[in-house]
Amino acid sequence: MSNEDFLQHRNALAIHKAEKPKEQGVRADHLWSEISTKQLRFNRVEEELKELEKVTLSDALQYFEELIGPTAAKRKRLNVHIISKAPKKKQKKIQIENAIPSKVIERDPCKIEDVCNWKAEHEFYPAAEFPTKIELNQPII
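Residues in the sequence shown are numbered from 3 upward in steps of one, following this note's numbering.
This is the structure we're talking about:
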């Protein structure tokens, strides 16, 4: 991808993210999402747009090579296994043609009980810190 193509894609993404919601319900959903995930970053879109302007093609390629590519050292993967309770039927095996085998770093699996807590514990999803004790200087009348 050329630098000009990258800039076009980046600008298109910025325009899409900057678009204001056409309905009040969509805006309310965004606000309630911030509250329910305990992030409270109500100006998230503006922050993301400022950071997006700083991203270069070399940044994107470096990010891919470090975190996403099949041989990336910091690559993380989430496998979801769904076990059906329905009676077993004959299953067809799906063969992917021309599949590229990738070197995958195996890690021990962990069972996620609470998705919100699991997200909050990881660096890609920093949680807002809440005060544990609130003191009032004046009595409530």
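For each residue, glycine too, the CB sits at the ideal point set by N, CA and C.
- Contact annotation: residue 33 and residue 44 have beta-carbon atoms nearer than 8 Å.
- Closest option to residue 55, judged by alpha-carbon separation, among 74, 42, 13 and 28: 13.
- About 11 Å separates the CB atoms of residue 68 and residue 62; that is not less than 8 Å, and the two are not in contact.
- For residue 72 and residue 64, the gap between their C-alpha atoms comes out near 13 Å.
- In this structure, residue 19 sits away from residue 57, with a CB-CB distance that is not shorter than 8 Å.
- Sequence-distant partners of residue 60 (beyond 5 residues in either direction) whose C-beta falls short of 7 Å from its own C-beta are missing from its chain.
- Taking residue 15 as the centre and dropping the five residues before and after it, the same chain places the C-beta of 54 closer than 8 Å to its C-beta, in chain order.
- Put simply, of 85, 8, 87 and 81 the residue whose alpha carbon is nearest the alpha carbon of residue 114 is 81.
- Residue 79 holds the alpha-carbon nearest to the alpha-carbon of residue 112 among 89, 79 and 88.
- In this structure, the alpha-carbon of residue 17 lies about 18 Å from that of residue 5.
- Rounded to the nearest angstrom, the gap between the Cα atoms of residue 29 and residue 86 is 37 Å.
- Of 38, 31 and 26, the smallest CA-CA separation from residue 121 is found for 38.
- Per DSSP, reduced to three states, the secondary structure at residue 86 is coil, with no helix or strand assignment.
- When 40, 31, 22 and 3 are compared, the shortest CA-CA separation from residue 119 is found for 40.
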